[in-house]
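Student: Residue numbers (the numbering used here): 2 to 212.
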Ligand code: SF4
Ligand code: SF4
Ligand code: SF4
């Protein structure tokens, strides 16, 4: 019988990018491993042009997930927490590198999937072979943390449940990343954009609660 791991296990600190390249294959292309900018950031080259490296988005984020990344530009670090889609980082971005404030009025008309630029981002959660289920250890930590219920568990031979992510339900919030005791979860840029309609509705309802 396999061992069971509880919620209290601490995450191990490893580089997300090195982790991705090591466990998901060195062939991963640059688009997939590109830095994750704050939600509602402009397309990468426009973002770099607009961002003045003022760091206001770092201090605006109560979750503490916006960090100063390579070259001094802000990146998201899901090892520090999850994105609540509060929009605070975008609201303080006066140069408009993050442009949520441009569609902040009359929000319900601004978020339909017909306006993909209004989506916070398009990220996919992935689980690597480091997952404890591959070692016959029962663990459901990531599923416990997923409010969107995008992670389900499928029983495999031996009675161990393997986590499976439903990308159509995943909002890309990152809540499942840090709690994983073996850093088996990463978020990467989706190669199937924009996000499915259901995800837009989830994020939309979260933002309505916060407005
Ligand atoms: S939307 Fe809110 S929680 Fe997400 S990165 Fe911006 S400030 Fe942080
Ligand atoms: S991905 Fe991490 S948190 Fe999820 S079941 Fe595997 S080891 Fe546990
Ligand atoms: S990133 Fe996706 S799978 Fe992970 S907790 Fe958020 S919604 Fe769930």
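Each residue gets a CB set at the ideal place from its N, CA and C atoms; glycine is no exception.
Check whether the Cβ of residue 172 lies closer than 6 Å to any heavy atom of ligand 3, and answer yes or no.
Tutor: Checking the Cβ of residue 172 against ligand 3 gives yes.
Student: Taking buried to mean at least 16 other C-beta atoms within 10 Å of its own C-beta, is residue 35 buried or exposed?
Tutor: The residue is exposed, with fewer than 16 neighbouring Cβ atoms inside 10 Å.
Student: May I ask you to list the residues that DSSP assigns as paired with residue 45?
Tutor: BP columns for residue 45 are empty, so no partner.
Student: Alpha carbon to alpha carbon, how far is residue 64 from residue 85? Give it in angstroms, no decimals.
Tutor: Looking at the two C-alpha atoms, the distance is approximately 8 Å.
Student: Under a three-way DSSP split, which group does residue 179 fall into?
Tutor: Reduced to three states, the DSSP call for residue 179 is coil.
Student: Within this structure, are the beta carbons of residue 52 and residue 91 separated by less than 7 Å?
Tutor: Against a cut-off of 7 Å, the Cβ pair of residue 91 and residue 52 comes out as no contact.
Student: Roughly how far, in whole angstroms, is the beta-carbon of residue 149 from the beta-carbon of residue 171, given that I think they are within contact range, below 8 Å?
Tutor: That pair is a contact at about 6 Å.
Student: Starting from residue 146, follow the alpha helix (DSSP H) in both directions and report where the run begins and ends.
Tutor: Taken as a continuous stretch (DSSP letters only), the alpha helix (DSSP H) holding residue 146 covers 142-146.
Student: Looking at residue 76: is its Cβ nearer than 7 Å to the Cβ of residue 175?
Tutor: The answer is no: Cβ separation not under 7 Å.
Student: DSSP state of residue 61, grouped into three classes?
Tutor: Note: residue 61 maps to helix in three-state DSSP.
Student: Would you tell me roughly how many angstroms separate the C-alpha atoms of residue 47 and residue 133, rounded to the nearest one?
Tutor: When rounded, the distance between both Cα atoms is 40 Å.
Student: Any idea if residue 156 is buried or exposed, counting beta-carbon neighbours within 10 angstroms, 16 or more meaning buried?
Tutor: Exposed, since its Cβ has fewer than 16 Cβ neighbours within 10 Å.
Student: What three-state label does DSSP hand residue 98 in the structure shown?
Tutor: Coil, per DSSP.
Student: Is any non-hydrogen atom of ligand 2 found closer than 6 Å to the C-beta of residue 39, if you look at the structure I gave you?
Tutor: No.
Student: Bridge partners of residue 76, per DSSP?
Tutor: BP columns for residue 76 point to 68.
Student: Taking the continuous beta strand (DSSP E) assigned at residue 126, which residues delimit it?
Tutor: 124-128 is the extent of the beta strand (DSSP E) around residue 126.
Student: Using three-state DSSP, classify residue 163 as helix, strand or coil.
Tutor: Strand at residue 163.
Student: Would you mind sorting residue 136 into buried or exposed? The rule is 16 or more other CB atoms within 10 Å of its CB.
Tutor: That one is exposed.
Student: Throw me the rounded Cβ distance for the residue 145 and residue 191 pair, which I believe falls under 8 Å.
Tutor: Contact doesn't hold; Cβ gap of about 24 Å is too wide.
Student: At a threshold of 6 Å, does residue 175 count as lining ligand 1 (C-beta to nearest heavy atom)?
Tutor: No, since every heavy atom of ligand 1 falls outside the 6 Å radius drawn around the Cβ of residue 175.
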